[in-house]
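**Q** Residue numbers (the numbering used here): 3 to 368.
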């Protein structure tokens, strides 16, 4: 069994000239090139004819290959020209009679009265019952229009007056009821008692909030004191010999300053400086140094340089301070130092760390 051939668009078929380019597209390109060449050979200024020639060539290529909103550019261009010259504004023109400026009148329909249902008529020759009723209705005279308008206006005035009076009476009743309820609520003892209870509760709530804030402050102070008490605080000792292995923190005398590695002494009072070394005497860099006051609040924080030296740039206030050291790599441990600033020069400090190697040496040779 043979397959059915695939249906093709015969009406929209276009001849292909080169590849997928149709004859129509080739015509647009050729027209753009020819018009550009004509503009180029005309005796016009160079700055004018070259852009015009390029514009015509590009326009021809766009008309051939560039789609606009999924449709060929030539079709969209033709639609644009049609839209420009087609009317897009519509003007209303009145036709018919004159508009009456009289106020509209409404008529109130009278209540319907029950009517007796007539029995079905017998079939007879001649005119039917429906035809007779039509002639009978046509014989009646219509009521005069002036009489109907007068009746309608009178009824409207009466209804408006009655509606306004009903609204006024309803509003007066609501105002009287609201005033009575306010007087009752003000005179009731339960209202005054509830108001007094609310005021007492608000006062008690304010007192409890104040007590809570005071307790929170006391707890914060106690936590700070406990944190300072947990740390074992040491006082630096005076240096007796150039090398002592039993003391981890000691003051550096002026004659031992150069040998300890401290380049200078403090030039202003209450300045703290020193050097940090490992148990073998090697300087330790990047060690965090934190100075706290007697209440545990940090007042200075700095880091040792590559030579293990540290110093404060500004003077401390008089008082008792603690200095703690911390190694970010957790390879060395340090003792916390306490000193007092009294307005005099503070001797530089030499801090020796404790590590695993030193602990092993002490355990073997102790």
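All C-beta atoms, glycine included, are put in the ideal place defined by N, C-alpha and C.
1) From residue 78 to residue 8, what distance separates their C-alpha atoms?
2) Would you mind listing the alpha helix (DSSP H) stretches within the region 241–312 that are 4+ residues and don't spill past its ends, in chain order?
3) Considering only DSSP beta bridges, list what residue 354 is partnered with.
4) Taking the CB atoms as reference points, tell me whether residue 303 and residue 321 lie closer together than 8 Å.
5) If the criterion is Cβ atoms closer than 8 Å, does the pair residue 72 and residue 34 meet it?
6) State buried or exposed for residue 145, treating a residue as buried only when at least 16 other CB atoms are found within 10 Å of its CB.
7) Just mark residue 23 as buried or exposed, buried being the case when its beta carbon has 16 or more other beta carbons within 10 Å.
8) Could you have a look at residue 92 and say whether DSSP puts it in helix, strand or coil?
9) Here's the rule I'm using: 16 or more other beta-carbon atoms within 10 Å means buried, otherwise exposed. How should residue 341 be labelled?
10) Between 313, 329, 269 and 292, which has its C-alpha nearest residue 280's C-alpha?
11) When burial is assigned at 16 or more other CB atoms within 10 Å of the CB, is residue 58 buried or exposed?
12) Counting along the chain, where does the alpha helix (DSSP H) carrying residue 48 start and finish?
13) Under a Cβ-count criterion, where at least 16 other Cβ atoms within 10 Å of its own Cβ denotes burial, should residue 276 be classed as buried or exposed?
14) Over what stretch of residues does the alpha helix (DSSP H) that includes residue 79 continue unbroken?
15) Give the straight-line distance between the Cα atoms of residue 278 and residue 324, rounded to the nearest whole angstrom.
16) With 16 other CB atoms within 10 Å as the buried threshold, where does residue 175 fall?
17) Closest to residue 357 by C-alpha separation, out of 28, 215 and 250, would be which residue?
18) Run through DSSP, which three-state label would residue 315 get?
19) Quick check on DSSP: helix, strand or coil for residue 198?
20) Helix, strand or coil for residue 321? Go by DSSP, reduced to three states.
21) Is residue 314 near residue 286, with beta carbons less than 8 Å apart?
22) Compute the distance between the beta-carbons of residue 318 and residue 301, then report whether it is under 8 Å.
23) Taking 8 Å as the threshold (beta carbon to beta carbon), is residue 223 in contact with chain D?
24) Can you tell me whether residue 95 is buried or exposed? The criterion is at least 16 other CB atoms within 10 Å of its CB, across all chains shown.
25) Would you please state the rounded distance, in angstroms, between the beta carbons of residue 238 and residue 351? I believe it to be under 8 Å.
26) Does DSSP put residue 336 in a helix, in a strand, or in coil?
**A** Taking the geometry as given:
1) Walking along the chain shown from the start, residue 78 turns up at place 76. Walking along the chain shown from the start, residue 8 turns up at place 6. It is roughly 31 Å from the alpha-carbon of residue 78 to the alpha-carbon of residue 8.
2) The region 241–312 is shown to contain whole alpha helix (DSSP H) runs of 4 or more residues at 259–262, in chain order.
3) Translated into positions along the chain shown, residue 354 becomes position 352. Answer is 279, bridged to residue 354.
4) The count along the chain shown starts at 1 and reaches residue 303 at position 301. The count along the chain shown starts at 1 and reaches residue 321 at position 319. No, Cβ-Cβ distance for residue 303 and residue 321 is not below 8 Å.
5) Sequence index remark: in the chain shown, residue 72 carries index 70 (1-based). Sequence index remark: in the chain shown, residue 34 carries index 32 (1-based). Result no, Cβ atoms of residue 72 and residue 34 do not sit closer than 8 Å.
6) As a position in the chain shown, residue 145 is number 143, starting the count at 1. Confidence at residue 145 is low in this model, with a pLDDT of 48, below 50, so its placement is unreliable and the value that follows should be read with caution. Under this definition residue 145 is an exposed residue.
7) Walking along the chain shown from the start, residue 23 turns up at place 21. Per the 10 Å Cβ criterion, exposed.
8) What you label residue 92 is simply residue 90 of the chain shown in a count that begins at 1. The three-state reading of DSSP puts residue 92 in coil, since its state is none of H, G, I, E or B.
9) Counting from 1 along the chain shown, the entry for residue 341 is found at position 339. Within a 10 Å sphere around the beta-carbon of residue 341 sit 16 or more other beta-carbons, which makes this residue buried.
10) Indexing the chain shown from 1 puts residue 280 at position 278. The shortest Cα separation from residue 280 among 313, 329, 269 and 292 belongs to 329.
11) For the purposes of this step, residue 58 is taken as the residue at position 56 of the chain shown. It counts as buried.
12) In the chain shown, residue 48 corresponds to position 46, counting from 1. The continuous alpha helix (DSSP H) containing residue 48 extends over residues 48–67.
13) Translated into the one-based positions of the chain shown, residue 276 becomes position 274. The residue in question, residue 276, is buried, as its Cβ has 16 or more Cβ neighbours within 10 Å.
14) Locating residue 79 in the chain shown gives position 77, where the first residue counts as 1. First-last of the alpha helix (DSSP H) with residue 79: 75–87.
15) Taking the first residue of the chain shown as 1, we reach residue 278 at position 276. Taking the first residue of the chain shown as 1, we reach residue 324 at position 322. When the Cα atoms are used, residue 278 and residue 324 turn out to be separated by approximately 16 Å.
16) On the chain shown, position 173 is the one that residue 175 refers to. So residue 175 ends up on the exposed side.
17) Taking the first residue of the chain shown as 1, we reach residue 357 at position 355. That would be 250, whose Cα lies nearest to the Cα of residue 357.
18) The residue labelled residue 315 in the question sits at position 313 within the chain shown. Three-state DSSP puts residue 315 in coil, outside helix and strand.
19) Against the chain shown, residue 198 aligns to sequence position 196. Look at residue 198 here: in three-state DSSP terms it is helix.
20) Within the chain shown, numbered from 1, the residue matching residue 321 stands at position 319. Three-state result, residue 321: strand.
21) The residue you call residue 314 lines up with position 312 of the chain shown. The residue you call residue 286 lines up with position 284 of the chain shown. Not in contact: residue 314 and residue 286 (Cβ atoms no closer than 8 Å).
22) As a first step, residue 318 must be located in the chain shown, where it is residue number 316. As a first step, residue 301 must be located in the chain shown, where it is residue number 299. Against a cut-off of 8 Å, the Cβ pair of residue 301 and residue 318 comes out as a contact.
23) Of the chains in the structure shown, none is chain D; there is only one protein chain.
24) The residue labelled residue 95 in the question sits at position 93 within the chain shown. It is exposed - the Cβ of residue 95 has fewer than 16 other Cβ atoms within 10 Å.
25) As a first step, residue 238 is located in the chain shown; it is residue number 236 there, counting from the start. As a first step, residue 351 is located in the chain shown; it is residue number 349 there, counting from the start. About 6 Å separates the Cβ atoms of residue 238 and residue 351, confirming a contact at the 8 Å cut-off.
26) Stepping through the chain shown from its first residue, residue 336 is reached at position 334. Residue 336 sits in coil when the DSSP states are folded into three classes, being neither helix nor strand.
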